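Accompanying notes for the structure given below.
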DNA sequence: TTAAGTGCAAAATCTTTGCAAATGT
DNA sequence: ACATTTGCAAAGATTTTGCACTTAA
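Protein chains in written order, with my numbering: chain X, 148 to 290; chain Y, 148 to 290.
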């Protein structure tokens with residue numbers, strides 16, 4: 148869990164006004180170790196207009212505060228970026244694990260990603276890895 | 148380019164009727180080495196209803212004839228599976244390369260994917276790798 | 001005070017569903 | 001002939017846009 152103070156710093160840093168709605172989004176995202184979809188956010192965030200949520204998420208993404216990752220159904224899920232992201236330089240090259248049972252998307256930052264060599268002629272900018280399977284919680288439920 | 152005869156075999160194999168519309172989809176997909184989005188298909192396929200296209204694509208995906216991969220914008224792109232796919236066992240664990248300029252999605256089957264070790268507790272079912280950057284065609288255009 | 005942000009209504013997209021007519025086997 | 005598949009119309013869902021009101025700085 149990250150402090151409110153840090154959220155305010157984040158907003159100021161990116162010249163975004165400190166609003167109740169934005170703080171709630173940041174607080175919700177920081178509370179989860181998994182990426183959260185727009186509909187999920189909407190259902191728990193309470194009294195924030197759907198359109199506002201869209202706009203907050205896309206503003207945050209542009210500024211590099213959060214990153215977007217698509218799950219198995221192609222719906223966007225959002226997670227806080229590590230601190231050293233900005234609009235020009237996203238670092239979300241960790242593995243995203245999609246649980247087929249609970250549908251959660253885990254950001255596994257701690258894993259080292261292997262180097263990938265592309266065929267000649269391709270210029271690599273960004274790599275992303277994603278895995279599908281069962282998360283620890285759902286494995287336990289099954290057995 | 149694959150032969151029409153092969154498409155008919157594919158359809159029969161999966162108990163799908165040999166229709167003009169389905170053959171056209173197969174032929175278009177086989178003609179490209181890149182995955183194609185639903186809107187792109189729609190624009191070149193000619194006189195096939197949008198709804199029919201949706202249904203064809205989802206039927207093909209269920210049967211394991213094509214696989215779906217999401218591009219940078221979260222829109223679904225489709226590509227023919229290698230021959231040994233079926234509904235229970237998809238093999239599309241190759242790297243997908245997304246060109247930021249022409250938006251094409253390349254299926255780079257020939258690359259070996261490195262093994263990934265997940266944290267304890269996660270059960271891996273499927274891995275997928277995707278890369279972003281410039282494809283050979285677009286690099287040449289730039290310089 | 002004033003530029004940015006929010007909420008509401010409405011438009012524009014995208015995707016799915018129901019059903020009658022057409023088509024493949 | 002009969003089950004599938006298609007096209008059209010219409011419903012649902014998702015996302016975007018415009019604009020007046022509100023709010024943080």
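Every residue gets a Cβ at the ideal spot worked out from N, C-alpha and C, and that includes glycine. Values in this document were obtained by computation on a predicted structure and should not be read as measured data.
C-alpha gap between residue i and residue j, whole angstroms
i: residue 185/X; j: residue 151/Y; result: 43 Å
i: residue 197/X; j: residue 173/X; result: 16 Å
i: residue 199/X; j: residue 220/X; result: 23 Å
i: residue 279/Y; j: residue 261/Y; result: 18 Å
i: residue 258/X; j: residue 164/Y; result: 46 Å
i: residue 241/X; j: residue 271/Y; result: 16 Å
i: residue 157/X; j: residue 171/X; result: 13 Å
i: residue 276/X; j: residue 288/Y; result: 29 Å
i: residue 192/X; j: residue 226/X; result: 15 Å
i: residue 283/X; j: residue 204/X; result: 29 Å
i: residue 154/Y; j: residue 243/X; result: 35 Å
i: residue 190/X; j: residue 208/X; result: 20 Å
i: residue 162/X; j: residue 213/X; result: 15 Å
i: residue 274/X; j: residue 263/X; result: 8 Å
i: residue 255/Y; j: residue 206/X; result: 33 Å
i: residue 178/X; j: residue 166/Y; result: 51 Å
Chain Y contact for residue i (CB, 7 Å cutoff)
i: residue 183/X; result: no
i: residue 283/X; result: yes
i: residue 170/X; result: no
i: residue 223/X; result: yes
i: residue 270/X; result: yes
i: residue 217/X; result: yes
i: residue 286/X; result: yes
Bounding residues of the beta strand (DSSP E) (the contiguous stretch that carries residue i)
i: residue 183/X; result: 181-184
i: residue 277/Y; result: 270-281
i: residue 153/X; result: Segment 151-160 is the alpha helix (DSSP H) holding residue 153/X; no beta strand (DSSP E) there.
i: residue 255/Y; result: 252-255
i: residue 220/X; result: Where residue 220/X is concerned, there is no enclosing beta strand (DSSP E), given that its DSSP letter is neither H nor E.
i: residue 163/Y; result: Per DSSP, residue 163/Y belongs to no beta strand (DSSP E) and is neither H nor E.
i: residue 246/Y; result: 242-246
Closest by C-alpha distance to residue i, when choosing among the options
i: residue 245/X; options: 251/Y, 261/Y, 247/Y and 265/Y; result: 265/Y
i: residue 210/Y; options: 160/Y, 281/Y and 274/Y; result: 160/Y
i: residue 223/X; options: 188/X, 261/X and 247/X; result: 188/X
i: residue 215/Y; options: 191/X, 208/X and 218/X; result: 218/X
i: residue 168/Y; options: 268/Y, 202/Y, 156/Y and 178/Y; result: 202/Y
i: residue 285/Y; options: 177/X, 190/X and 268/X; result: 268/X
i: residue 195/Y; options: 162/Y, 175/Y and 273/Y; result: 175/Y
i: residue 281/Y; options: 256/Y, 247/Y and 255/Y; result: 247/Y
Residue i: first and last residue of the uninterrupted alpha helix (DSSP H) it sits in
i: residue 224/Y; result: Where residue 224/Y is concerned, there is no enclosing alpha helix (DSSP H), although the beta strand (DSSP E) it sits in stretches over 223-227.
i: residue 172/X; result: 167-178
i: residue 204/Y; result: 197-210
Any chain X beta carbon closer than 7 Å to residue i
i: residue 278/Y; result: yes
i: residue 188/Y; result: no
i: residue 274/Y; result: yes
i: residue 159/Y; result: no
i: residue 289/Y; result: no
The stretch 249-266 of chain X contacting the stretch 173-182 of chain X, beta-carbon criterion three pairs below 8 Å: Short answer: they touch.
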